[in-house]
Amino acid sequence: MTAAENPDWRLLQEDDAAVRVGRWQRLPELPAVTDPLPKDYYADQALLDAANTALYLGRPLLLTGEPGTGKTEFANHLAWRLGTERPYRDQFGRERVEYALRFDTKSESRARDLFYTIDQVARFQQAQSTKGDVDPLPFMEFQAMGRAILYARPIDSLADRLPEWQAYPEEPCRSVVLIDEIDKAPRDFPNDLLMEIERMRFFSPELNRTVEAEPGFRPIVVVTSNQEKTLPDAFLRRCVYYNIDFPGVELLKRIVAARLSDLPQSATLVDDAIAVFRHLRRLRLRKPPGTAELLDFVRALRARGFGPSDRLEANDGWRAEAALTLLKIGSDHGLAKLPLLDWKDIREDAAST
Amino acid sequence: MSTAAGTLPTTEQLQRLLDSLRDARFKFGPDQIAGAEKILLLAHAEADDGLAARRLKTMLAPIFARTPTQQADFYRRFDTLMAEIAPAPVAARLPQTALASGASVAGAGAAAKRTRSRLAVITASVAALFLGVAGGLWLLRPPPPPPPPAPPVPNPTIATVTARIEPAVFVTATFYRREGFRLAEGGAMALPLLLFAGWMAWRWRRRLLWLERHPGVRDADPAVVRLPERHQPLFRAAELTAIARDLRRHLRVPSRDLDVDRTIPETLDAGGSFTPVWQTVPRSPSYLFLIERESAHDHVAGILDRAVDRFVGEQVAVERYHFRDDPSWLTGDDRRPGSEAIADIAARHGDHRLVVLAAGDGFFEPLNDRLLPRVAEALAQWTPRAVLSTKPIESWSWRELALIDQGGFDLATASHSGLRALAGRAAGEPDRPAEMLEGVVVSMPARTGRTRPQRMPSPAPRQGTKSAVLICVGPEDQAVAEVRQLARLLEGFGFNTGVLRDPDRRTAVDALASLFRTNTKPEDTILIHFRGRFAPGGDGAIFLGAGEGVAMPDFARLLHQPSAGHQVLVLDGVMYDRDFFQDTDNSAVAEGLGWNASATQALEVVWARERRRPKTAGEGEADSSLTGLLADTLGQDVVRAGGELTLRGLVDLARERARRLGILEDLNLNYFGSERTSAVIGIMPARRAGADAPSSEIFVSCAVEDQAAAQRLSDFLEEEAGIKVWLDYRDLPPAELWQKRIRLEIEECSFFMPLISAAALRRRKGFLGREWEWAAERARRNAGAAPVRRRSSSLSSSTTRRNRPKACPMSSCEHNGPACPVVPGMRIFGTASRR
Chain C
186 MTAAENPDWR LLQEDDAAVR VGRWQRLPEL PAVTDPLPKD YYADQALLDA ANTALYLGRP
246 LLLTGEPGTG KTEFANHLAW RLGTERPYRD QFGRERVEYA LRFDTKSESR ARDLFYTIDQ
306 VARFQQAQST KGDVDPLPFM EFQAMGRAIL YARPIDSLAD RLPEWQAYPE EPCRSVVLID
366 EIDKAPRDFP NDLLMEIERM RFFSPELNRT VEAEPGFRPI VVVTSNQEKT LPDAFLRRCV
426 YYNIDFPGVE LLKRIVAARL SDLPQSATLV DDAIAVFRHL RRLRLRKPPG TAELLDFVRA
486 LRARGFGPSD RLEANDGWRA EAALTLLKIG SDHGLAKLPL LDWKDIREDA AST
Chain W
242 MSTAAGTLPT TEQLQRLLDS LRDARFKFGP DQIAGAEKIL LLAHAEADDG LAARRLKTML
302 APIFARTPTQ QADFYRRFDT LMAEIAPAPV AARLPQTALA SGASVAGAGA AAKRTRSRLA
362 VITASVAALF LGVAGGLWLL RPPPPPPPPA PPVPNPTIAT VTARIEPAVF VTATFYRREG
422 FRLAEGGAMA LPLLLFAGWM AWRWRRRLLW LERHPGVRDA DPAVVRLPER HQPLFRAAEL
482 TAIARDLRRH LRVPSRDLDV DRTIPETLDA GGSFTPVWQT VPRSPSYLFL IERESAHDHV
542 AGILDRAVDR FVGEQVAVER YHFRDDPSWL TGDDRRPGSE AIADIAARHG DHRLVVLAAG
602 DGFFEPLNDR LLPRVAEALA QWTPRAVLST KPIESWSWRE LALIDQGGFD LATASHSGLR
662 ALAGRAAGEP DRPAEMLEGV VVSMPARTGR TRPQRMPSPA PRQGTKSAVL ICVGPEDQAV
722 AEVRQLARLL EGFGFNTGVL RDPDRRTAVD ALASLFRTNT KPEDTILIHF RGRFAPGGDG
782 AIFLGAGEGV AMPDFARLLH QPSAGHQVLV LDGVMYDRDF FQDTDNSAVA EGLGWNASAT
842 QALEVVWARE RRRPKTAGEG EADSSLTGLL ADTLGQDVVR AGGELTLRGL VDLARERARR
902 LGILEDLNLN YFGSERTSAV IGIMPARRAG ADAPSSEIFV SCAVEDQAAA QRLSDFLEEE
962 AGIKVWLDYR DLPPAELWQK RIRLEIEECS FFMPLISAAA LRRRKGFLGR EWEWAAERAR
1022 RNAGAAPVRR RSSSLSSSTT RRNRPKACPM SSCEHNGPAC PVVPGMRIFG TASRR
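Taken in sequence, the protein lines are chains C and W. Just add 185 to wherever you are in the first sequence, counting from 1, and you've got my numbering. Just add 241 to wherever you are in the second sequence, counting from 1, and you've got my numbering.
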């Protein structure tokens, strides 16, 4: 998609308001961004070893790292590697594959939410309108951890409660559970999970029973954290910890190649973009750009008409795109001094690392 | 398994690695160790040694590390261990070598250094002892046997007997052939001992340096730090546990869950229409601790850190950040390297309870008690918020009150009593207005280098005030001390001073801008003294270098202004960047300062002079201009003082003059350090008598016992400084209504100078106390527009420490209560006795 094929990348102009009808049809198609497949994820040996240790010791794996280092994706990758993914049909009947069972932590999450949620109000109203006991099961919805524990049991009466579009495995099976961004939750959240995660069971007062995973089928737990809050010691003690370093040049190239499939791996454009990106990251900005920003940058460059084998040096147009995509905070613009950036410095930076 | 022993660590080596990790404050328990050993066993069972050894590091690190830094640290330690055991055959044959080398792994850094120095001491002492003993033995060895006696004289008589003694005397005399030989020999023998003793003394002396310069191998334990006066620990361990329990106490927060038990009756009461009652759930509160840390080796911050560590250990939810002076930028722990803006922190931890552990001087405009707006705004995002002050309570001032009133902070001392008060507050109702939390009990001991309590700053410098801001930068303590002396000197000349030590550019601009804001009239006298070079650095710092006395003529002129006259900038330094104010970045600075064209021109003049000055002759020229200044201000004394014409010399000179007058001894002033008193008494600005002077300028209020001292003081003031003094026993006319007259004098004087001594304090209940009350009353009448001009407020601290009522916890002046004897235009020369 070069400038010649798509002359309308400057779709909106200051003085063209008169011809706005039907404009939207000429909007460029979104550039090819492929969702990363778990099998394309590249995990280095240290990360795999950390997972090995976690699997061997039967402890949750706690992953930290800057945004964009692939903490969340690793859980899916792990599920793919272990072969615990589960095909299903979604509400629209489409074939899908669920890799890790995911729980997105919210700032008001409580420990119980990890296992199930229950609609008390509806249940209460139901109880008002009918006589006799109300079965709580229809009002419960099992969440990632609860589902993982259910999957790890032979089929029983609780199976009815699972959404229909999810196949309930007939045999107990293991699954990977991802608790994403645990540091968003209140401080008590990880503390309340200690026993549940250790024993892989939970008690539901509504059902008045304890649900426990079969010993051989304990779910594998991956926890990610953005390090926004200190996690309690007791929780850390029960985890296996790995910090994913920010990817180096080679890995960045791989990531760009994997995500932007229309670019050849050896594109000089990507080399240059990564050089600029890394230069900016070394400046101690308040908000250093992450991999998502890099991808945006490359896509913006492509939209602007840069070809895969172009060099940024030849055309100063990249500066505006870099300012738009890589820098997010006003004061960072002053620090980065993008309009004055000399290619010599960038090259030196790239050479020195 | 024995095949793998070549490249894989053994269990013992793993144990040593764990020991070194423990020293590095890694936290792990038996579970972790068991896990590591399991994995090690697996690795030993692995067929491919090399692969197992390579992978072992990344397999073990996740067990022990908890932060990115710890992860990197573990990798490093593990690599060191592997490098040590790599020459495996040697290590196997010589287990003791392995042990020794293992020890060096374990004690990487400090421990190894300690071992080395301990070894050196032992070797040296053994050598010295050996040499000493050897030398001593050689000295004390029995004299060589006398030569065989002469063949017996055939006829033994009395004469021959005496003759037999003489050769013996002769023998000893030949052995000590020269005078002093024995002495020299003894000296030579004792030399190693002396050298050794000297070395030990040097080591011992070094240990006596300031505590904060010594990082130490081990962290300070807050429970062991004791207050010098009360012999009680600053933080008691058991108490910290109890405080942590209170801090942990749960809040009840509403949840999304229905409280069924209460909903049913409520719904029934509402006639069947659904009335939900939501559950409240307990949530443990989180705390955000901001700790002021002047440097990496700040001892005080270290102690506070350890106390906070205890809380963390007790499962209190704590986030901790450090700052220097200005809390706008904070540095976190090793989870997040680099500094972060406080706005980012607020976005993340806005729901926390804020606790600031700081002296808090960086929160204020330097010349008054106003909180810096940006600091107040930034910290106001948290409720509740508290400041635990590390300042000794004796030097609290209006600023601490301002923290409560303007900042809305709860205030307490950074000690166990303060923390307990804070915990009690946390457990109590949340919506109380800010207040002083504790009945003041224990406070932090004074921080090194800050022992001089704060001058009571004035609420608002009025027009015509002479104000000075001194800025100095640099690690050299000498420079800092000199600038502080200069500040004291200027105070002696009637300046309001503020000293900024090593500020960043923003702080400096704030300080200067506040100065210009409060002194907006062009006729006001403002002195800005930069010690060093004022230049923008990459991160906005001001770099200041050496250089002194460049603009001394201007300086001297300024000092001689009897009252406000003009605005002068004295910039003292090595070199100025001419284009500094042309740069757009810096125009903000100039704008903040209110520097107009003429000020910039003045700057350029200074700059030009600076450029013209040959660099090599710099010091000499500075001295000569300083000589001129001194000669102008101090008259003939300068000539007598000779070559010692530095600021230090100036203060010495003043001290000498005061001593000559015998004032110091009489009032026991040396208790407080004579430098300060010399600044009070010695350097009095020479005033032109007669021009517009009132009949009496200074009212000296003294006890009968101090009349001699008062007489000397008044003699000095009248003769040397030309100031008229009113003394009741001398100047009260006979047959006057003496009480009325004294009251009148107090009403009309310019300076009220109570001489405070043990005797005066004894007589406070009598008429003397009434005199002070009259002065206070006059001050109260004129409150508001009154500039609080407090001299040496510190001097009274010891007298009032014991029985200060709580009404005025801030005041360190001898008059308690919020109204102090502050009279417009009057200066209070407070002095105090030892008792």
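C-beta atoms are modelled at their ideal positions from N, C-alpha and C, and glycine is treated no differently.
Residue i versus residue j: straight-line alpha-carbon distance, rounded
i        : j       : result
V811(W)  : P607(W) : Confidence at V811(W) is low in this model, with a pLDDT of 40, below 50, so the placement of that residue is unreliable and no value is reported for it.
D225(C)  : A443(C) : 7 Å
H538(W)  : G648(W) : 29 Å
T395(C)  : L448(C) : 53 Å
I459(C)  : R486(W) : 51 Å
A329(W)  : E253(W) : With a pLDDT of 45 at A329(W), under the threshold of 50, the modelled position of that residue is not reliable, and the figure given next carries that caveat. Rounded to whole angstroms, A329(W) to E253(W) spans 15 Å at the Cα level.
L663(W)  : N376(C) : 25 Å
P474(C)  : L526(C) : 17 Å
T508(W)  : A312(C) : 13 Å
G579(W)  : R469(C) : 8 Å
A1016(W) : E533(W) : 40 Å
L197(C)  : R484(C) : 19 Å
R1004(W) : K965(W) : 26 Å
Q980(W)  : E618(W) : 52 Å
Three-state class that DSSP yields for residue i in the structure shown
i       : result
V557(W) : coil
W637(W) : coil
H491(W) : coil
H563(W) : strand
A621(W) : coil
L246(C) : strand
F319(W) : helix
Y426(C) : strand
V518(W) : coil
T409(C) : strand
A920(W) : Residue placement at A920(W) cannot be trusted, given a pLDDT of 25 that sits under 50; what the coordinates show is reported in the next sentence. DSSP places A920(W) in helix when its eight states are reduced to three.
E959(W) : helix
A872(W) : Reliability of the predicted coordinates at A872(W) is poor, the pLDDT of 38 falling under 50, and no value is obtained from them.
L978(W) : coil
L335(W) : Because L335(W) sits at a pLDDT of 36, beneath the cut-off of 50, its placement in the model cannot be relied upon, and the following sentence gives the value as read from the coordinates. L335(W) falls in the coil class under three-state DSSP.
Nearest-angstrom beta carbon gap, residue j and residue i [assumed within contact, 8 Å]
i       : j       : result
R640(W) : D610(W) : 5 Å
F288(C) : T504(W) : F288(C) to T504(W), Cβ: 28 Å. No contact.
A419(C) : L363(C) : That pair is no contact at about 21 Å.
F324(C) : P357(C) : 26 Å between Cβ atoms; not a contact.
A398(C) : M385(C) : 4 Å
T302(C) : I367(C) : Incorrect: roughly 18 Å between the Cβ atoms, too far for contact.
T249(C) : Q412(C) : 5 Å
Residue i - partner residues in DSSP beta bridges
i       : result
R626(W) : L595(W)
R524(W) : L492(W)
R271(C) : E283(C)
W570(W) : A582(W)
A653(W) : L629(W)
E397(C) : R386(C)
M325(C) : I303(C)
E533(W) : F564(W)
L499(W) : W519(W)
W445(W) : Bridge partners of W445(W): none, in fact.
beta-carbon residue i near the ligand NAP non-hydrogen atom, thresh 7 Å
i       : result
T624(W) : Looking at this structure, you won't find the ligand NAP or any other ligand, since it has none at all.
* **Uninterrupted alpha helix (DSSP H) stretches inside the segment 470 to 525 of chain C (no shorter than 4 residues)** => With a minimum length of 4 residues, the continuous alpha helix (DSSP H) runs that stay inside the segment 470 to 525 of chain C are 476 to 489, 503 to 510 and 515 to 521.
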